[in-house]
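This note's numbering puts the first residue of the sequence shown at 545, with every later residue one more than the last.
Below is one structure, written out as structure tokens; comments come after it.
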Amino acid sequence: MTSMNIVLTLTFSVVMLLFMVFPAMKIVEWIEQQWTVPQRWHNPLLFFWVVALSLAIGVFLRFF
């Protein structure tokens with residue numbers, strides 16, 4: 545993967561950060577309903593899903 549592909553993927557991902565907050569909140573809400581998750585893990589779990597979904601969309605936009 546060239547450095548230009550990485551830059552473009554991260555550019556697309558940064559734009560999608562704002563739009564991925566709501567789906568990430570729904571995913572974390574579902575996880576908390578299914579399993580017992582300590583309250584202190586709520587924010588890191590939400591942050592992880594926002595970043596993961598944004599990167600997934602960025603990769604999708606770049607390569608497909």
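No residue lacks a Cβ here, since even glycine has one placed at the ideal position from N, Cα and C.
Classify residue 608 as helix, strand or coil using the three-state DSSP reduction.
coil
Proximity of residue 568 and residue 603 at Cβ, strictly below 8 Å:
Using a Cβ distance threshold of 8 Å, residue 568 and residue 603 do not count as a contacting pair.
Using a Cβ-Cβ cut-off of 8 Å (strictly less than) and excluding sequence neighbours within five positions of residue 587, which residues of its own chain qualify?
Correct list: empty, nothing qualifies.
Count the other CB atoms, across all protein chains shown, that sit within 10 Å of the CB of residue 548; report buried if there are 16 or more and exposed otherwise.
exposed
Mind checking residue 550: buried by the 16 CB within 10 Å criterion, or exposed?
Exposed, because fewer than 16 other Cβ atoms sit within 10 Å of the Cβ of residue 550.
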